[in-house]
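One line per chain: the protein sequences are A and B, in this order.
In case it helps, the numbering used here puts the first sequence at residues 335 to 698.
In case it helps, the numbering used here puts the second sequence at residues -4 to 317.
This report refers to the structure that appears directly beneath it.
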Amino acid sequence: MNEQTRPASSEKRYWPMGQLILARVREFYREPSALFWVYGFPLLMVVALGIAFRNKPAEQILVDVQQDGGDTPGFQSVYDILKENAAFKVQKGDAAQCRLRLRTGKTALVIVPPPSPGEPSQYLYLFDQTREESRLAHSKVDDVLQRANGRVDPLPVKPVDVQEPGGRYIDFLVPGLVGMNLMGGGLWGVGFVTVDMRIRKVLKRFLATPMRKTDFFFAILLSRLIFLVPEILVLLVFAWLAFDVVVQGSILAVVVLILLGALAFAGIGLLVASRARTLEAVSGLMNLVMLPMWVLSGIFFSSDRFPEAMQPFIKALPLTTLIDALRSVMLEATPLQALWPQVAILVGWAVGSFVLALRWFRWQ
Amino acid sequence: MILHMIAAIRCTNLVKHYEGRPPVEAVRGLDLTVEAGECFGLLGPNGAGKTTTIEIIEGIAEPTAGEVEIFGMRWGRDDNAIKERLGISLQETRLSEKLQVRETVTLFRSFYKCGLEPDEVIRRVSLEEKATTRVGNLSGGQRQRLAVACALVGDPDLLLLDEPTTGLDPQSRRQLWELIHAFRVQGRTVLLTTHYMDEAERLCDRVAVVDHGKVIALGSPRDLIAELGGEHIIEFTLDERDGLSPLEPATLSDLPAVRSARKDADHFSLSVTEPHIALPALLERLGQGGHPLAGLSTRHASLEDVFVMLTGRHLREGDATS
């Protein structure tokens, strides 16, 4: 065949990895439902949780004063003292009503005053010792009544209200949500898409071209990193604007941790998808991988609450590692150098899963 | 001889077993040579082993035994060199629906060192007007032409098409035939599988009829038809009434110009060399036996008749192994 038969042939260079990334990005932003799940859902989650766990002004304590036989002086003095104190929400009622309200949790404590204040009979406190708010009500009411009746405290004390950004639940929650998003995005974004391409026989079709396999895998990883920029940015900026959540430590350290986390979960996603032939199979596998981390890795509460014996296992999970490290940097301003064990664990997960995924990967 | 053409494809004693219950012997000792510049058709019913064979040639499946050479190169040794010269279209590849036609073709172009401009390929497959349409909005025929565009964009010397026209409407089929023809005119090689006989007769220089994983007949469509013994077919049906002894097809073989006779259900067909001699003799014979004709037609023999004669089955009667 001479060159004349192929006049249009050219050696113009294209950049296959760039084309593969471009294809992934296009597929992604042309899928509106994917956009919602990746960007909208985490936002809704922050809003909902932020509202649920917002720091409320100290709640009033619900107490009942039992009223036997009209407004006796004893009743009246207790009722007035408590009524004046803003910490309490006071109700009155007869013995039966008070008992019912106590049993059904509508009041934390029932006070039975003596008929007249001066009499030598005692005050009765009725409450359930196992209920935290009842114990609180008991000590608080007792304090107020004793002081009103002339108790003098030997030590001068001054309560100082401490409430600053960094110590609230929402501050604790945001790094957890960032980690959770990185896990979900990595596993679904990489795993699901890969299996879908296998089912559509696109992988098989690619296999029959001179496409370099490394180009393909790096395109998957890199496009994942591209997607997570807006994903995480939206979350952090919203948390900052709406809830004043700020990064106490270095932003760069946060970026490094997020990238490492994203790579670790992308690798795990690729590993999970390396052999699965159906979307059902890969969904099941991904839930199997994610469920323990949802429960154990401390997204919503500290993973330290689990038994000591489980801690080595929990600490080795990539999500625990990532969230712990993010919290250290965001809440405690820990420098990245001090977090080298966490960094090492994340790198280990990323490299290990990627290597295994490449070895087991099925193209058809 | 020092000078000899390197075959585009040479398969020697190809065997492919799939493990499983029951294990499947998809290909059982298949030999095949496709010369450079020819259009070669693999013909056979579903499950005959056509797709397995073409996937082994494409380097996607590995043979259990046997050898494949493509332009003298081998899989496992010259993979990238082979892939640069191959253009393929698989059965049922569903390209990303969210990508546009030009984006898809450009993606495939980027995999090849040397190739055509995406717009040039899109023009060749007549999808210019659809260049910015998403794949999801293309018709079946347009998608198939896009698949061929992805095969052509690397400017291949060998095009491997697995059932390129299955499920397409007649107009789309003809468009694809023209595409394949245009590629052939440049002196390039095509291997395609099909179970449409008219397609093979029209496009292919040579065909191999494959059944149960083996080549059972090989040659140009014309030669294969000639091997039937007669290039014409007389088909007829009888108005069979009670009390008449049924007509045995074998009793018709001695008629002049009749080479063979067979019967499918109530449908007789005779392979004949000269219909103008065979017809009067047939009518006379039927008249003598008191068999009234219900229908009669004559036509040119086709590859379908070759297949039926070789296997006793029709091509489209899906095989149990498919």
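Ideal placement from N, C-alpha and C gives every residue a C-beta, glycine not left out.
Computed from a prediction, not measured in an experiment: that's the story for all the values here.
Counted as a single uninterrupted DSSP element, the beta strand (DSSP E) harbouring Val446 of chain A occupies residues Leu443 to Val446. As for any beta strand (DSSP E) of minimum length 3 sitting wholly inside the region 234 to 263 of chain B, the runs are 253 to 259, ordered along the chain. Contact between the region 529 to 544 of chain A and the region 477 to 486 of chain A is absent: fewer than three C-beta pairs spanning the two stretches fall below 8 angstroms. Among the CB atoms of chain A, none fall inside 9 angstroms of the CB of Leu242 of chain B. Counting C-beta pairs closer than 8 angstroms gives fewer than three between the region 565 to 576 of chain A and the region 646 to 660 of chain A, which falls short of the contact rule. Under the rule that a run must span 4 or more residues, the alpha helix (DSSP H) segments found entirely inside the region 94 to 152 of chain B read 96 to 105, 113 to 119 and 135 to 147. Ranked by Cα distance from Val185 of chain B, the first of B:Leu37, B:Ser292 and B:Tyr13 is B:Leu37. The beta carbon of Asp530 of chain A lies closer than 8 angstroms to those of Leu613 in the same chain, with the five residues before and after it left out.
According to DSSP, Thr47 of chain B shares a beta bridge with no other residue. For Tyr413 of chain A, the uninterrupted alpha helix (DSSP H) segment begins and ends at Pro407 to Glu418.
Contact with chain A is found for Arg104 of chain B, since one of that chain's Cβ atoms lies less than 9 angstroms from the residue's Cβ. Three or more beta-carbon pairs separated by less than 8 angstroms link the region 220 to 234 of chain B to the region 260 to 273 of chain B, which places the two stretches in contact.
Between the region 401 to 411 of chain A and the region 361 to 376 of chain A, the count of C-beta pairs closer than 8 angstroms stays below three; the two stretches do not touch. Taking a cut-off of 8 angstroms on C-beta distances, the region 546 to 562 of chain A does not touch the region 9 to 26 of chain B, as fewer than three cross pairs fall below it.
Put simply, the backbone Cα of Gly32 of chain B is about 11 angstroms away from that of Ile4 of chain B. Between the C-alpha atoms of Glu235 of chain B and His262 of chain B there is a straight-line separation of about 11 angstroms. Residues of chain A whose Cβ lies closer than 8 angstroms to the Cβ of Cys109 of chain B are, in chain order, Ser343, Ser344 and Glu345. Under the Cβ criterion (8 angstroms, minimum of three pairs), the region 45 to 54 of chain B counts as touching the region 69 to 84 of chain B. For Ile83 of chain B, the neighbours in chain A by C-beta distance under 8 angstroms run, in chain order, Arg539 and Ala542.
With fewer than 16 neighbouring CB atoms inside 10 Å of its own CB, Glu666 of chain A falls in the exposed class.
Tyr191 of chain B carries a coil assignment under DSSP once its states are collapsed to helix, strand and coil. Contact annotation: the region 133 to 148 of chain B does not touch the region 367 to 382 of chain A, with fewer than three C-beta pairs closer than 8 angstroms. At the C-beta level, Val663 of chain A and Leu591 of chain A come within 9 angstroms of one another. Under the DSSP assignment, Cys199 of chain B falls outside any alpha helix (DSSP H); it carries neither an H nor an E label.
Residues are counted here when their Cβ sits less than 8 angstroms from a Cβ of chain B; for the region 350 to 379 of chain A these are Pro350, Gly352, Gln353, Leu354, Leu356, Ala357, Arg360, Glu361, Arg364 and Glu365, given in chain order. In the structure shown, the three-state DSSP call for Asn8 of chain B is strand. Residue-level contact by beta carbon fails for Val529 of chain A and chain B, as no gap is shorter than 9 angstroms.
Rounded to the nearest whole angstrom, the C-alpha separation of Phe695 of chain A and Arg168 of chain B is 36 angstroms. Setting aside the 5 residues that flank it on each side, Glu467 of chain A is surrounded in the same chain by Ala442, each with a C-beta closer than 6 angstroms to its C-beta; the list follows chain order. Annotation for Phe540 of chain A: the continuous alpha helix (DSSP H) segment containing it runs Val536 to Leu541. Here Gln401 of chain A carries a coil assignment [DSSP, helix/strand/coil]. Counting only residues of its own chain and dropping the five nearest sequence neighbours on each side, Cys199 of chain B has a CB closer than 7 angstroms to the CB of Cys34, Phe35, Gly36 and Pro216. Per the coordinates, the alpha-carbon of Leu594 of chain A lies some 13 angstroms from the alpha-carbon of Leu673 of chain A. Among the residues facing chain B, Lys547 of chain A is not included, as its CB has no counterpart in that chain under 9 angstroms away. In its chain, beyond the 5 residues on either side, Ala142 have a beta carbon closer than 8 angstroms to the beta carbon of Thr88 of chain B. Taking a cut-off of 8 angstroms on C-beta distances, the region 245 to 261 of chain B does not touch the region 197 to 214 of chain B, as fewer than three cross pairs fall below it.
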